[in-house]
């Protein structure tokens, strides 16, 4: 397990009681929902990115063996700290003619619904009371959740585009510092992400809708939807790395991920590897990860210690929720699929730009970027570019972003798409040899809203609506 996050520190001036949100001001509610959105991203990645083999436990038979997990911190934050406060923002914004605030709130709700449905499929939204007085809300189907996400984002775009907002976000917007144009781009790019999720259900027209949304979305790394932490309220990933490097090692890189980085898969070492990880060994130059589910003891070469360290794990590192690099990989995949699972020059250009965007953000030297993106195993001729090329590079760029697990499930954990993907050691026997597809509803929710949770219960290996 990674390190849990306890407080909001200097991001928030007060501790917001979710039952008293009506008393809170817009500039108090805004940092609250943004902070918890970033924390929720981490809480989801904590588990999801072990399931999809980006990271793994140094002890055998734990989360990366695809054990049952309730993601309890994620559920409570969505329903106690984000949605009630965001709904209070919307009401206050409407009563004060401040549509920019309500637009931000709707983007945030949409994003958190996306996190929630990716873990549990059916979740509460349409009947969840703003003030939490309804303790037994029915759950919406995943199909309806995605419809709500798109509706919220469409409404947000309209509101954020209003020329007049009596109250305007400024420093209380701890993500974009009141730059409303970036919120509009975020809404459009989120639309593209979630349209891609449902494209299998909605058909070929989705790809044109994705292209349209992306044309109005992120244009560079400067647009990224992320929270930059402070020296008083540091990144949760920094907390994890700090624990790992002071003797409390719990999780590290998975061999599946590291083999995509160390030259095993691509026959060229990814120059990002030394910027996101650290090797204590001076005798073995190869970065290695733990075999999924097996822990470090079964992998003697792991004792060369490839540790969490570097760009993602810095004290002031951003916690990335949605990025320009992801947008380019969405574009590449959508073009590939629209073209009948065949690459085009346009798909290849978007793919290469996604790699370059992520590399330049992390700090890879220009010459190394050129060398990597010129390598035939990374960037072959158009006719030889496959969906695996696109998804492997997206998988790397989405390190410690729970969206990676959604991608892996969309492609059925296929080793032809994600090289090296195989059932982990000590695999959860309850899965009967199948891949895990979902989290379990939290025990607190089962106790409080048992009838509804029971009605929506599915086995952990049951595919969600978007994956069927």
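Residue numbers (my numbering): 1 to 468.
Here a beta-carbon is modelled for each residue, glycine too, at the ideal position from N, C-alpha and C.
Are the region 185-193 and the region 278-289 touching, with three or more C-beta to C-beta distances below 8 Å?
Verdict: no, contact absent.
According to DSSP, is residue 58 helix, strand or coil?
Residue state, collapsed to three classes: coil.
Leaving out five residues before and five after residue 465 in sequence, what residues of the same chain have Cβ atoms less than 8 Å from its Cβ?
121, 141, 142, 143, 201
For residue 421, which of 409, 175, 192 has the nearest alpha-carbon?
409
Is the Cβ-Cβ distance between residue 105 and residue 152 less than 7 Å?
No.
Identify, in the order they occur along the chain, each residue of the same chain with its Cβ nearer than 6 Å to the Cβ of residue 265, setting aside the five sequence neighbours on each side.
Cβ within range, chain order: 259, 419.
Taking the alpha-carbon positions, what's the residue 438 to residue 92 distance?
36 Å
When burial is assigned at 16 or more other CB atoms within 10 Å of the CB, is residue 430 buried or exposed?
exposed
Does the region 361-371 come close enough to the region 331-342 to have 3 or more Cβ pairs within less than 8 Å?
no
Can you say whether residue 48 is buried or exposed, counting buried as having 16 or more other CB atoms within 10 angstroms of its CB?
buried
On the DSSP bridge list, what partners appear for residue 278?
Its beta-bridge partners are 307.
Of all the options 67, 36, 30, 33, which has the alpha carbon lying nearest to the alpha carbon of residue 425?
Ranked by Cα distance from residue 425, the first of 67, 36, 30, 33 is 67.
Using the Cα positions of residue 273 and residue 235, report the straight-line distance between them to the nearest angstrom.
Spanning the two alpha carbons is a distance of roughly 20 Å.
How close, in whole Å, do the beta carbons of residue 74 and residue 43 come, if the pair is a contact with beta carbons under 8 Å?
4 Å
Alpha carbon to alpha carbon, what distance is there between residue 382 and residue 325?
20 Å
Please go through the same chain and pick out, in chain order, the residues whose beta-carbon is closer than 6 Å to the beta-carbon of residue 394, but skip the five residues on each side of it.
329
Got a sec, what are the start and stop residues for the beta strand (DSSP E) residue 470 sits in?
The chain is shown only over 1 to 468; residue 470 falls outside these bounds and no answer can be derived.
Report yes or no: do the region 280-296 and the region 342-357 share at least 3 C-beta pairs separated by less than 8 Å?
no
If you draw a straight line from the C-alpha of residue 459 to the C-alpha of residue 376, how long is it?
Cα to Cα, residue 459 sits roughly 42 Å from residue 376.
Using three-state DSSP, classify residue 131 as helix, strand or coil.
With a pLDDT of 46 at residue 131, under the threshold of 50, the modelled position of this residue cannot be trusted; read the value that follows with caution. Residue 131: coil per DSSP, three-state reduction.
Is the separation between the beta-carbon of residue 46 and that of residue 77 shorter than 7 Å?
no
What three-state label does DSSP hand residue 376 in the structure shown?
coil
Examine chain B for any beta-carbon lying closer than 7 Å to the beta-carbon of residue 392, and answer yes or no.
Protein chains in the displayed structure number just one, and chain B is not present.
Which class does residue 467 belong to by DSSP, given the choice of helix, strand or coil?
helix
One question on the structure: do residue 145 and residue 117 come within less than 7 Å of each other, judged by their Cβ atoms?
yes
I need the straight-line Cα distance from residue 386 to residue 340, nearest angstrom please.
12 Å
For residue 193, count neighbouring Cβ atoms within 10 angstroms of its own Cβ and tell me buried if that reaches 16, exposed if not.
buried
According to DSSP, what are the bridge partners of residue 290?
254
Do you know whose CA, among 468, 412, 374, lies nearest residue 388's CA?
412
Reducing DSSP to helix, strand and coil, say where residue 90 ends up.
Residue state, collapsed to three classes: helix.
From residue 447 to residue 455, what does the alpha carbon distance come to, in whole angstroms?
13 Å
Mind checking whether residue 135 and residue 85 have CB atoms under 7 Å apart?
no
Is DSSP giving residue 407 helix, strand or coil here?
Here DSSP, grouped into helix, strand and coil, assigns residue 407 to helix.
Going along the chain, which residues of its own chain have a beta-carbon closer than 7 Å to the beta-carbon of residue 320, five neighbours each way excluded?
224, 226, 401
Just the C-alpha distance for residue 397 and residue 351, rounded to the nearest angstrom, thanks.
Rounded to the nearest angstrom, the two C-alpha atoms are 11 Å apart.
What distance in whole Å lies between the Cβ atoms of residue 119 and residue 82, which are believed to be in contact at a cut-off of 8 Å?
Incorrect: roughly 14 Å between the Cβ atoms, too far for contact.
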